[in-house]
Amino acid sequence: MRKKTMRTRLTFLLLAVCILPVLVTVVVNYFATTSSFESIQNEDQKQMEHIVNTQVETEKAQLQAIATSLAKNPEVAAILQSTNRTSINESMKALFTKLQHEQQLAVLEIGDAQGMVHVRGHNLEQFGDDKSKTSAIQETLNGNVISGLEYGKSGLAIRAFAPIEVNGTIIGTVQVGVNDQFIQLIQELLPLVQLQFLNPEELETFLAKSEDVSLKELLNGDATRVFKEDAQVIESYLPFLDPTGKEVIGVMLLKQDVSAMQSIQSGMFTTGIIVLVLAFFVAIVIATVYSKSLTAPVAKTASALQRLRDGDLTQTIELTNRQDEMGMMMQDMKDMQQQLHSTIKEVALASETVSAQSILLKEDVSIASSSSQAITQVMEDISSGAERQTFAITEVSETVNDFSNRLQETVQQSTILQNSSQSVRVLSVKGAQLMHASSAQMNELQMVMNDAVTKMAALDIQASKITTFVSIIEEVANQTNLLALNASIEAARAGEHGKGFAVVAEEVRKLAVQVEQSVSEITSIVSTIQRDSTNVSGSLQNGYTQVELGVSQLATTSQTFNEIEQAVATITEAIAEMMQGLAQMNGESQEINATVQEIAAISEETTAAVEETTSTLTESSASMQNIAVSTEQLTQLAEQLNRIVKQYKVHRS
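Below is the structure:
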C-alpha cells in the first residue's frame, strides 16, 4: 500500500477546509428553502380552505337569519293557517318574488306540524307531499333552527330551516335555500384554484379506488390535505354536512398547482451544485500551490534526517533564510548534529576503556567462584543428611503425638458414650412403662368404641321405625282429605241444610293438608337423620377397626422396648470395660511422646547449625556468580556500545 505524503495530506486538508463550508451552506440552504416552500404552500392551501369554509358558513348564517325572520313573520303564519288555496298561492307568490329579488333565494317552502308540505314558493303547483321522515324537518319541529348543505335532483344547495311558532306552539316549518351559485363566488375569490364537488356516488367511487387510508376519514367529517409530488399539486378535501350536521352529503375538492414553486426549488438546487463544483476546482488550485510551498523545505529536512538516521554525522546542513517554524527547525537540527557528534566521540573512548577492564575482572571472578562452589557442595551434603535425620524424627514425634491426642479423644468420647448409654437405659425403662399405660388406655377406648357402634345400630333401627310411623300418618292424612272432599260434595247436595257440615268438612280438609305438609317435613328430617346416623355408624365402625389395629401395634411396640432395655444394659457393661483399657493406654502413650520430643529437639539444633553454615557459603557463592554474570553483561554491553559507536561517521581528531 502506497504511503500518503505530507503534501497529499495537506492538499486533502485544504480541500476539506475550503469545500466543507460551501457544501454545508448549499445543503442547509436547500433544506431551508424546501422547508420554506412547503410551509408557504401549506399556508396558502390552508388559507384557501379557510376561504371556502368561511364563505359556506356565511351563506348558512345568512339563510338561517332569513329563515328565522320568516318564521316570526305573521304573513307566513297566516299562509300556513289558511285553507284557501288561491289565497295561499297569491300570498306565497308575492312573498317569494320579493325574497328572490332581495335575497336571491331559489327555494321557499312552508310545511305544517305533521311534516306535510303546505306550499312551495318556487313551485306553487306541487304541495302535499310528506317530509315527516326527513331528519332536518324532524329537528326543526323539535324547535331548533338549523342550516346546512343538501344534494338533490337540482344539485348542490344550501338550506336553512326554522320552526313557526304561534303562542308558544310550533305549528309548522319554513325552509329557504340557494343553489350552487356560492361555488361560483368562491371560484372568483380563488382564480388559481380548481374546485370540484364530489357527490355521494362520486365520493364512494373515489374512495374505493384511492389507496390513501387518510381519505377514509372524510366519511367521519374530517378534512384532509394531500400533496401529490408526481402531479405537483396539493389537494384539499373538505366534507360538507347536511343541516343536522350528522351526515356527509359530499366533498369539495381544492386543487392548487405548485409546479412553479417546484421549478424554482429545482433551479436553486442546480445553482447550489454549480457553486459547489466551482468552489471545488478553485480549492484544488489553491491547495496544490500552497501545499507545494509548504512541503518543499519539509522534504529537504526529511532527507537530512535520513542521513542522520544512517549514522552520517559528517554531512553539512545548509540553513535557509526562512523566518518561520521551518527555518527554526533547520537551525535546531544543525545544533543537534554538532552535539551528537561530540557525544559519540566521548562514548567511543569510554567504551574502549570499559571493555579492557571487564576482561581482567572476569578472569579473577571465575577463579574465586570455582573455589566457593567446591566448599558449598561439601556443606550441602552434610546439611542434607542432617535434614533427613531431623525429618524422620519429626515424623515419628508427630505420629506419636497424634496417636496420644486421638487416644485422649477416644477416652473422652467413651465417657460421653457411657453416660449416654445409661441415659438411654433409663429412657427405655420409662418408655416401656408408658407403653403399658397406653396399651391399657387403648383397651378401654376399644370398649367405648364398641359400645358406641352398638348404640348407633340401635338408633338406626329406631329411625327406620319412625319412617314407618310417618308413612301411616301420611296415609291417614290422605284418607282424611278424601273424606273431607266427599263431605263437601254431600254438603253441596244437601243445599241450605248442609252449609254447616260443609264448613266442618273444609276445616277437616285444611287440617288434613297441614298434616300432609308436616308429614312431608318429618319424612325429610327423618331421612336426613337416618342418612347421618348411617354415616356416623360407618365412621364409628372404621374408628373401632383403627383402635383394634392400634392395640395390636402397641403390644408389638411394648415388646420392642423390652428388647431395647436388655440390649442397652449389655452395651453399658462393655463400655465400662473399654474405659479401663483406654485409660491404661493413655498413660503409656504420654511417656513415649515425651521421649520422642526430646530426641527431636536435639536433632533440630544440629540441623539448624549445619544449615546456617551452608547458607553462609551459598550466599558467598551466589554473590560470586552474580559478580561473574554482571561482569559478563558488562563485557557484552561494552562490545555492543563499540558496535553502535562504529555505526556513526565522525571526524577523527
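When you number the sequence shown by our numbering, it's gap-free, plus one each residue, and the end is 661. The beta-carbon is built from N, C-alpha and C at its ideal position, and this holds for glycine as well.
Taking each of Gly258, Thr232, Leu284, Gly136 in turn and checking the Cα distance to Glu212, the smallest one comes out for Gly258. By the Cβ criterion, the stretch 280–289 is in contact with the stretch 22–37, since at least three pairs of Cβ atoms, one from each stretch, lie closer than 8 Å.
Secondary structure at Pro251: coil, using DSSP grouped into helix, strand and coil.
Val25 and Thr296 have their C-alpha atoms some 14 Å from each other. The closest CA to that of Gln146, considering only Leu116, Ile179, Phe135, is found on Ile179.
Assignment of Ala165 by DSSP, reduced to helix, strand and coil, places it in the strand class. With contact defined as three or more Cβ pairs closer than 8 Å, the stretch 192–206 and the stretch 94–102 are not in contact. In this model, Ile172 and Ala85 are separated by some 7 Å (Cα to Cα). In the structure shown, Asp220 falls within a coil segment according to DSSP collapsed to helix, strand and coil. The C-alpha of Ile530 is placed about 9 Å away from the C-alpha of Ile474. Remark: C-beta atoms of Ala79 and Val186 do not approach each other more closely than 8 Å.
Ala466 is not a Cβ neighbour of Ala520, given a cutoff of 8 Å. Counted as a single uninterrupted DSSP element, the beta strand (DSSP E) harbouring Ser155 occupies residues 154–160.
Look at Pro171 here: in three-state DSSP terms it is strand. Inter-residue distance for Ile572 and Thr553 is about 29 Å (C-alpha atoms, whole angstroms). Assignment of Gln264 by DSSP, reduced to helix, strand and coil, places it in the strand class. Partner residues in the beta bridge of Gln204, as assigned by DSSP, are Leu261. Spanning the alpha carbons of Glu133 and Val127 requires a straight line of approximately 8 Å.
Residue environment analysis places Glu498 among the exposed positions, since fewer than 16 neighbouring C-beta atoms fall within 10 angstroms of its C-beta. Counting of Cβ neighbours within 10 angstroms places Pro29 among the exposed residues, the total staying below 16. Out of Thr41, Ser90, Val60, the CA that lies nearest to the CA of Ser274 is found in Thr41.
Within the model, the alpha-carbon separation for Ile27 versus Arg233 is close to 40 Å. About 38 Å separates the Cβ atoms of Ile59 and Leu88, ruling out a contact at the 8 Å cut-off.
Counting only unbroken stretches of 4 or more residues, the alpha helix (DSSP H) elements lying wholly within the stretch 21–91 are 82–89, in sequence order. In the structure shown, Leu215 falls within a helical segment according to DSSP collapsed to helix, strand and coil. Boundaries of the beta strand (DSSP E) around Lys236: 232–236. Annotation for His109: no beta strand (DSSP E) segment contains it, though the alpha helix (DSSP H) segment containing it runs 93–111. Non-local beta-carbon contacts of Asp188 in its own chain, meaning distances under 8 Å to residues more than five positions away in sequence, involve Gly163, Leu164, Ala165, Phe205 in chain order. Taken through DSSP and simplified to helix, strand or coil, Gln122 comes out as coil.
Judged by beta-carbon spacing, Leu203 lies within the 8 Å limit of Met260, meaning their Cβ atoms are closer than that value. Only residues of its own chain outside the window of five on either side were considered, and among them Ile96, Ser99 have a CB closer than 8 Å to the CB of Ser90, listed in chain order. The DSSP-derived three-state label of Thr177 is strand. Contact between the stretch 213–227 and the stretch 283–292 is absent, with fewer than three C-beta pairs closer than 8 Å. Here the alpha carbon of Lys254 sits roughly 15 Å from the alpha carbon of Arg167. Across the set Gly508, Val516, Ile480, the C-alpha of Val516 shows the shortest separation from the C-alpha of Leu490.
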